[in-house]
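Every letter in the sequence shown is one number past the one before it in the working numbering, and letter 357, counting from 1, is 905.
We put the beta carbon where it would ideally sit given N, CA and C, even for glycine.
A quick write-up on the structure given underneath.
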Amino acid sequence: MLFSDITGQEDIKKKLIQSVRENRIPHAQLFLGPEGSGTLALALAYSQYINCKNRTEHDSCGICPSCIKYSKLTHPDLHFIFPTATNKKIKKDPDSELFYPEWRDYLITTGSYADLSGWYETVELENKQGLINVRDAQKLINKLNMKPYEDGYKVAIIWMPEKFNAQSANTLLKIIEEPPEKTLFILVAEDDSQILTTILSRTAIIKCHKLNTDEIRQSLIRQYQCTEDAARNAAILSEGNYNLACKYLKNEDNEKFLFQTFQKWMRYCFKEAISLLIDFITVDIKPLGREKQKEFLEYGLKVIHNTLLFNNNLGDCVMLPDEEKNFVKNFSPFINMNNAQPIAALMEKSIEQIERNANASIVFLDDSIKIIQLLKIK
Ligand SMILES: [Zn+2]
Numbered sequence: 549m550l551f552s553d554i555t556g557q558e559d560i561k562k563k564l565i566q567s568v569r570e571n572r573i574p575h576a577q578l579f580l581g582p583e584g585s586g587t588l589a590l591a592l593a594y595s596q597y598i599n600c601k602n603r604t605e606h607d608s609c610g611i612c613p614s615c616i617k618y619s620k621l622t623h624p625d626l627h628f629i630f631p632t633a634t635n636k637k638i639k640k641d642p643d644s645e646l647f648y649p650e651w652r653d654y655l656i657t658t659g660s661y662a663d664l665s666g667w668y669e670t671v672e673l674e675n676k677q678g679l680i681n682v683r684d685a686q687k688l689i690n691k692l693n694m695k696p697y698e699d700g701y702k703v704a705i706i707w708m709p710e711k712f713n714a715q716s717a718n719t720l721l722k723i724i725e726e727p728p729e730k731t732l733f734i735l736v737a738e739d740d741s742q743i744l745t746t747i748l749s750r751t752a753i754i755k756c757h758k759l760n761t762d763e764i765r766q767s768l769i770r771q772y773q774c775t776e777d778a779a780r781n782a783a784i785l786s787e788g789n790y791n792l793a794c795k796y797l798k799n800e801d802n803e804k805f806l807f808q809t810f811q812k813w814m815r816y817c818f819k820e821a822i823s824l825l826i827d828f829i830t831v832d833i834k835p836l837g838r839e840k841q842k843e844f845l846e847y848g849l850k851v852i853h854n855t856l857l858f859n860n861n862l863g864d865c866v867m868l869p870d871e872e873k874n875f876v877k878n879f880s881p882f883i884n885m886n887n888a889q890p891i892a893a894l895m896e897k898s899i900e901q902i903e904r905n906a907n908a909s910i911v912f913l914d915d916s917i918k919i920i921q922l923l924k925i926k
């Protein structure tokens, strides 16, 4: 992770870089900031910078052996602990070491913009709450007490110290206060009121702020090559949380995909173009897979519902982007009290059939033929 990969937080980056260049690195620090502010990414960029063999005034080199290991999260002197719980794979005694492969993938796919719900979803904790337990604390102490593998700093990143229990926190107190030589603790948290004061009092606090809309907008365009409009909308909705902004952006793409695909389907049904429909099902629908096919039909149900709102002069209640709203408006004269219910019932039944592993090509072709007839009903 390079500092230049991180959205905003320029003042913090400067401060961190300065502390390294002046050789004033506190041995225990708390990176504190709201979800989506990039605290974990900053902690990683900082650790990488400290260990880089060829750092510049502004960033790590990105290509020395230490940087390469940092970028892959495989550096032998980089250690993490984070909240875990049992799941389908790890049925007892969960700890960070057992979850490390998933954690590493999660950080790489999110650019280290981690959040608790995203992490819990990734490892399918279902409704369980994660915890940093005493096993994590003991294993970390053992690792830090061993000789370093390389000649730089050993770094222990503790993500979400809010999830310590008293036992795990107490186990780590002494080593946080007096770490072995060239060992650095970075705690990454969102809410200092949930951290034990005994831990808090032993750390130097680096406060990260919420990002502003402009920083998020620019970063989204750079990362996703999306349009200016899409980036601005997602940035505004996110209220300074980069994780949320990414989710909004991805959802917007998905919504657009569902809309355009549904529009195509209905157009071919109107034309009664059976051969186009067969191609459409083979090329656009079949490869989607079961979950997405269900989502597509659920989207269809939403369109039918919205056309009825238009037909009852409630078009103002339809909250959709302009292009999509126009489609629903133009489609609404073809949906009425006589065919809305049968079309909706057809889609609901298809959702059930797809759930039960029915052949999607047959289900969608059957639906298309029935919809052609239903759209003719006045
Ligand atoms: Zn380097």
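Please name the residue or residues paired with residue i in a DSSP beta bridge.
{"i": "residue 606", "result": "Note: residue 606 sits in no beta bridge, so no partner."}
{"i": "residue 627", "result": "704"}
{"i": "residue 557", "result": "In DSSP, residue 557 forms no bridge with anything."}
{"i": "residue 576", "result": "733"}
Say the cut is 7 Å; is the CB of residue i nearer than that to a heavy atom of ligand 3?
{"i": "residue 760", "result": "No copy of ligand 3 occurs in the structure displayed; its ligands are ligand 1 alone."}
If you draw a straight line from the C-alpha of residue i to the C-alpha of residue j, how long is it?
{"i": "residue 752", "j": "residue 871", "result": "51 Å"}
{"i": "residue 574", "j": "residue 552", "result": "23 Å"}
{"i": "residue 674", "j": "residue 647", "result": "15 Å"}
{"i": "residue 893", "j": "residue 849", "result": "9 Å"}
{"i": "residue 703", "j": "residue 697", "result": "12 Å"}
{"i": "residue 926", "j": "residue 856", "result": "14 Å"}
{"i": "residue 847", "j": "residue 726", "result": "57 Å"}
{"i": "residue 762", "j": "residue 606", "result": "22 Å"}
{"i": "residue 869", "j": "residue 845", "result": "19 Å"}
{"i": "residue 729", "j": "residue 577", "result": "16 Å"}
{"i": "residue 889", "j": "residue 818", "result": "18 Å"}
{"i": "residue 858", "j": "residue 880", "result": "7 Å"}
{"i": "residue 687", "j": "residue 901", "result": "49 Å"}
{"i": "residue 644", "j": "residue 653", "result": "14 Å"}
{"i": "residue 914", "j": "residue 860", "result": "30 Å"}
{"i": "residue 824", "j": "residue 918", "result": "16 Å"}
{"i": "residue 603", "j": "residue 597", "result": "7 Å"}
{"i": "residue 829", "j": "residue 837", "result": "12 Å"}
{"i": "residue 789", "j": "residue 662", "result": "11 Å"}
{"i": "residue 677", "j": "residue 747", "result": "21 Å"}
{"i": "residue 906", "j": "residue 832", "result": "17 Å"}
{"i": "residue 742", "j": "residue 583", "result": "15 Å"}
Can you give the beta carbon distance from residue i to residue j, rounded, assuming they're within the 8 Å contact cut?
{"i": "residue 958", "j": "residue 805", "result": "Since the first residue shown for the chain is 549 and the last is 926, residue 958 is missing from the structure and cannot be characterised."}
{"i": "residue 865", "j": "residue 587", "result": "With a Cβ gap of about 40 Å, residue 865 and residue 587 do not count as contacting."}
{"i": "residue 560", "j": "residue 590", "result": "6 Å"}
{"i": "residue 682", "j": "residue 650", "result": "Going by Cβ atoms, the distance from residue 682 to residue 650 rounds to 21 Å, so no, they are not a contact pair."}
{"i": "residue 665", "j": "residue 592", "result": "The Cβ separation is near 20 Å, so there is no contact."}
{"i": "residue 701", "j": "residue 781", "result": "The pair is not a contact, with the Cβ atoms about 42 Å apart (cut-off 8 Å)."}
{"i": "residue 608", "j": "residue 550", "result": "6 Å"}
{"i": "residue 555", "j": "residue 759", "result": "6 Å"}
{"i": "residue 626", "j": "residue 585", "result": "Actually they do not touch by this definition, with Cβ atoms about 22 Å apart."}
{"i": "residue 734", "j": "residue 579", "result": "6 Å"}
{"i": "residue 717", "j": "residue 692", "result": "About 16 Å separates the two Cβ atoms, so there is no contact after all."}
{"i": "residue 928", "j": "residue 800", "result": "This structure gives no information on residue 928, because the portion of the chain shown stretches from 549 to 926."}
{"i": "residue 796", "j": "residue 786", "result": "6 Å"}
Provide the residue span of the alpha helix (DSSP H) that contains residue i, from first to last.
{"i": "residue 768", "result": "761-772"}
{"i": "residue 736", "result": "No alpha helix (DSSP H) holds residue 736; the beta strand (DSSP E) holding it covers 731-737."}
{"i": "residue 740", "result": "Run containing residue 740: none; DSSP gives neither H nor E here."}
{"i": "residue 589", "result": "587-599"}
{"i": "residue 912", "result": "908-922"}
{"i": "residue 747", "result": "745-748"}
{"i": "residue 582", "result": "Counting along the chain, residue 582 falls outside any alpha helix (DSSP H), and DSSP gives it neither H nor E."}
{"i": "residue 619", "result": "613-620"}
Residue i lies in the beta strand (DSSP E); which residues open and close that run?
{"i": "residue 755", "result": "752-755"}
Shorter than 8 Å from the beta carbon of residue i to some beta carbon of chain B?
{"i": "residue 839", "result": "Among the protein chains of the structure shown there is no chain B, as only one such chain exists."}
Where are the alpha helix (DSSP H) runs, 4 residues long or more, that stay fully inside the segment 631-714, in chain order? 648-658, 664-670 and 682-693
In chain order, what are the residue ranges of uninterrupted beta strand (DSSP E) at least 3 long that sit wholly in the segment 776-828? none
My parser needs the alpha helix (DSSP H) runs of 4 or more residues fully inside the segment 828-897; what are they? 838-859 and 870-879
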